[in-house]
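What follows is a single structure, written as structure tokens, with notes after it.
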Amino acid sequence: MPDRVFPPASKRLGQNFLIDPNIIRKIVATADLSSDDTVLEIGPGRGILTDALARAVRRVVAVEIDPQLHGLLQDRQADQPNVDLVCADALAYPLEGLPNKTIVVANLPYYISTPLLFRLLEHRRRFPRLILMLQNEVANRLVAKAGSADYGVLSVMAQYAADITKVFRVSAECFRPRPEVGSAVVLLRTKQETLLPPHEESTFAGLVKAAFAHRRKTLVNSLRDEGYQPHVVINALTDMEILPTARAETLTLEQFAQLTGRLNPSDHR
Numbered sequence: 078m079p080d081r082v083f084p085p086a087s088k089r090l091g092q093n094f095l096i097d098p099n100i101i102r103k104i105v106a107t108a109d110l111s112s113d114d115t116v117l118e119i120g121p122g123r124g125i126l127t128d129a130l131a132r133a134v135r136r137v138v139a140v141e142i143d144p145q146l147h148g149l150l151q152d153r154q155a156d157q158p159n160v161d162l163v164c165a166d167a168l169a170y171p172l173e174g175l176p177n178k179t180i181v182v183a184n185l186p187y188y189i190s191t192p193l194l195f196r197l198l199e200h201r202r203r204f205p206r207l208i209l210m211l212q213n214e215v216a217n218r219l220v221a222k223a224g225s226a227d228y229g230v231l232s233v234m235a236q237y238a239a240d241i242t243k244v245f246r247v248s249a250e251c252f253r254p255r256p257e258v259g260s261a262v263v264l265l266r267t268k269q270e271t272l273l274p275p276h277e278e279s280t281f282a283g284l285v286k287a288a289f290a291h292r293r294k295t296l297v298n299s300l301r302d303e304g305y306q307p308h309v310v311i312n313a314l315t316d317m318e319i320l321p322t323a324r325a326e327t328l329t330l331e332q333f334a335q336l337t338g339r340l341n342p343s344d345h346r
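Numbering (the numbering used here), first residue to last: 78 to 346.
And the structure:
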């Protein structure tokens, strides 16, 4: 379908449409799809990636929040019987209704990429891998290691749930309209077995967020300001052979998980 039939991109919805067929081929290759797969695509936009996915897999569930785009994409349904077009907000779409081993392939709207990513990772046992187009800055944070400037809450929480690779960068010239920032494709292979049991994961998430709440402060002082008892934190760090003067960005994922096991919810008031 020619581009001229589509409405202009919506700034409110953060629409930047991918137009480069070479990037589409690289995304599909990264996804390593088979003809039996089901794919969840978030934000099909004008359908260029949807077309490629439909040719590669058994079923595509494409969730589009824009009713105008959804309606125009429906006009092509006769040619794509294996595409289920859904007009919905991906932040509210019932992911539990998708089959196990669904693969996520998406060009995420940048303004909601982080909450969408967290929601997808909450359902990670349903998704063996996610291939996501993100703002390059967010991609760097996803793969950042302890001690780097990009390392923070997103790094720790995402790496807890998945093994992450930044696969390739994408120029702004590959989109219309042209975004003001660079993009990158990341591959997340979700972990079916994690460092902590499920009942401790909310405690872990709370600890990580509190630890990075005041980046300029030491970990002990940052946690104190978020309600943790300093003497308990200091004792836990000492047992782990970590100096009480350490900052949050110096702790590895494994150390945050270990610290979670040493701090009980009662230590946080």
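No residue lacks a Cβ here, since even glycine has one placed at the ideal position from N, Cα and C.
Computed from a prediction, not measured in an experiment: that's the story for all the values here.
Considering only residues of the same chain and omitting the five flanking positions on each side of Asp113, which have a CB-CB separation below 6 Å?
Indexing the sequence shown from 1 puts residue 113 at position 36. Closer than 6 Å at the Cβ level, and outside the excluded window around Asp113, lie Arg135.
Which full runs of the beta strand (DSSP E) of 3+ residues lie inside the segment 247-317, going along the chain?
260-267
Quick check: what's the CA-CA separation for Ala129 versus Ala288?
For the purposes of this step, residue 129 is identified with residue 52 of the sequence shown, where counting begins at 1. For the purposes of this step, residue 288 is identified with residue 211 of the sequence shown, where counting begins at 1. Approximately 43 Å, taken between the alpha carbons.
Starting from Glu199, trace the alpha helix (DSSP H) both ways and give me its first and last residue.
By one-based count along the sequence shown, residue 199 stands at place 122. Note, Glu199: alpha helix (DSSP H), Ser190 to Glu199.
Compare the beta carbon distance of Ala323 and Leu340 with 7 Å and say whether it is the shorter of the two.
Your numbering for residue 323 matches position 246 in the sequence shown. Your numbering for residue 340 matches position 263 in the sequence shown. No, the Cβ-Cβ distance between Ala323 and Leu340 is not below 7 Å.
In angstroms with no decimal places, state the Cα-to-Cα distance between Leu198 and Thr115.
Within the sequence shown, numbered from 1, the residue matching residue 198 stands at position 121. Within the sequence shown, numbered from 1, the residue matching residue 115 stands at position 38. Between Leu198 and Thr115, the C-alpha separation is close to 17 Å.
Could you check whether Ala108 and Ile208 sit closer than 7 Å to each other, using their CB atoms as the reference points?
Taking the first residue of the sequence shown as 1, we reach residue 208 at position 131. Taking the first residue of the sequence shown as 1, we reach residue 108 at position 31. Yes.
Return helix, strand or coil for Thr337, following the three-state DSSP convention.
Walking along the sequence shown from the start, residue 337 turns up at place 260. Residue state, collapsed to three classes: helix.
Considering only the beta carbon of each residue, do Leu95 and Asn213 sit closer than 7 Å?
Position 18 of the sequence shown, counted from the first residue, corresponds to residue 95. Position 136 of the sequence shown, counted from the first residue, corresponds to residue 213. Cβ atoms of Leu95 and Asn213: not closer than 7 Å.
Looking at Val163 and Val182, is the spacing between their C-beta atoms short of 7 Å?
Taking the first residue of the sequence shown as 1, we reach residue 182 at position 105. Taking the first residue of the sequence shown as 1, we reach residue 163 at position 86. No. Outside cutoff.
Using the Cβ count rule (16 or more neighbours within 10 Å means buried), how would you classify Glu318?
As a first step, residue 318 is located in the sequence shown; it is residue number 241 there, counting from the start. With fewer than 16 other Cβ atoms within 10 Å, it is exposed.
Return yes when the Cβ of Gly224 is within less than 7 Å of the Cβ of Thr295, no when it is not.
Reading the sequence shown from its first residue, position 218 is the one you call residue 295. Reading the sequence shown from its first residue, position 147 is the one you call residue 224. Taking 7 Å as the Cβ cut-off, Thr295 and Gly224 do not qualify as a contacting pair.
Hey, quick one: how far does the beta strand (DSSP E) through Arg136 stretch, first residue to last?
The sequence position of residue 136 within the sequence shown is 59, counting from 1. Its beta strand (DSSP E) spans residues Arg136 to Glu141.
Mind checking which residues open and close the beta strand (DSSP E) that includes Ala129?
For the purposes of this step, residue 129 is taken as the residue at position 52 of the sequence shown. Note, Ala129: premise wrong, no beta strand (DSSP E); alpha helix (DSSP H) at Ile125 to Ala133.
Option in Ser111, Tyr170 and Leu330 with minimal Cα separation from Ala221:
If you number the sequence shown from 1, residue 221 lands on position 144. Comparing Cα positions, the closest option is Leu330.
Can you tell me whether DSSP reads Arg206 as helix, strand or coil?
Indexing the sequence shown from 1 puts residue 206 at position 129. Arg206 falls in the strand class under three-state DSSP.
Contact between the segment 258-278 and the segment 302-312: three or more CB pairs below 8 Å?
no
Between the Cα of Thr179 and those of Arg293, Arg203 and Arg153, spot the shortest distance and give me the residue it belongs to.
Position 102 of the sequence shown, counted from the start, is the residue given in the question as residue 179. Of Arg293, Arg203 and Arg153, the residue nearest in Cα terms is Arg203.
Taking 7 Å as the cut-off, decide whether the C-beta atoms of Ser190 and Val215 are in contact.
Stepping through the sequence shown from its first residue, residue 190 is reached at position 113. Stepping through the sequence shown from its first residue, residue 215 is reached at position 138. Yes, they are a contact pair.
May I ask which residues mark the beginning and end of the beta strand (DSSP E) holding Thr115?
The residue given as residue 115 occupies position 38 in the sequence shown. It spans Thr115 to Ile119 - the beta strand (DSSP E) in which Thr115 sits, taken as one unbroken run.
Per-residue DSSP class, three states only, for Lys178
Working through the sequence shown from its first residue, we reach residue 178 at position 101. Reduced to three states, the DSSP call for Lys178 is coil.
Find out if the Cβ-Cβ distance for the pair Ile101, Leu126 is shorter than 7 Å.
As a working note, residue 101 is residue 24 in the sequence shown. As a working note, residue 126 is residue 49 in the sequence shown. In this structure, Leu126 lies closer than 7 Å to Ile101 by Cβ.
Please report the Cβ distance between Ala131 and Gln157, rounded to the nearest whole angstrom; I am assuming they are in contact, meaning their Cβ atoms lie under 8 Å.
Working through the sequence shown from its first residue, we reach residue 131 at position 54. Working through the sequence shown from its first residue, we reach residue 157 at position 80. Ala131 to Gln157, Cβ: 5 Å. Contact.
Length of the line joining the Cα atoms of Asp166 and Tyr187:
To locate residue 166, count along the sequence shown from 1; it is residue 89. To locate residue 187, count along the sequence shown from 1; it is residue 110. Cα-Cα distance, rounded: 14 Å.
C-beta atoms of Val310 and Val297 nearer than 7 Å:
Stepping through the sequence shown from its first residue, residue 310 is reached at position 233. Stepping through the sequence shown from its first residue, residue 297 is reached at position 220. Yes, the Cβ-Cβ distance between Val310 and Val297 is below 7 Å.
Rounded separation between Val160 and Leu150 - CA only
Residue numbering aside, residue 160 sits at position 83 when the sequence shown is read from its first letter. Residue numbering aside, residue 150 sits at position 73 when the sequence shown is read from its first letter. Distance between the alpha carbons of Val160 and Leu150 is about 10 Å.
Using CA atoms only, rank isn't needed, just tell me which of Gly124, Leu211, Leu194 and Arg293 is closest to Phe245.
Position 168 of the sequence shown, counted from the start, is the residue given in the question as residue 245. Measuring from the Cα of Phe245, the nearest candidate turns out to be Leu211.
Among Leu219, Arg218, Pro171 and Asn99, which one has its Cα closest to the Cα of Arg196?
Here residue 196 refers to the residue found at position 119 of the sequence shown. Measuring from the Cα of Arg196, the nearest candidate turns out to be Pro171.
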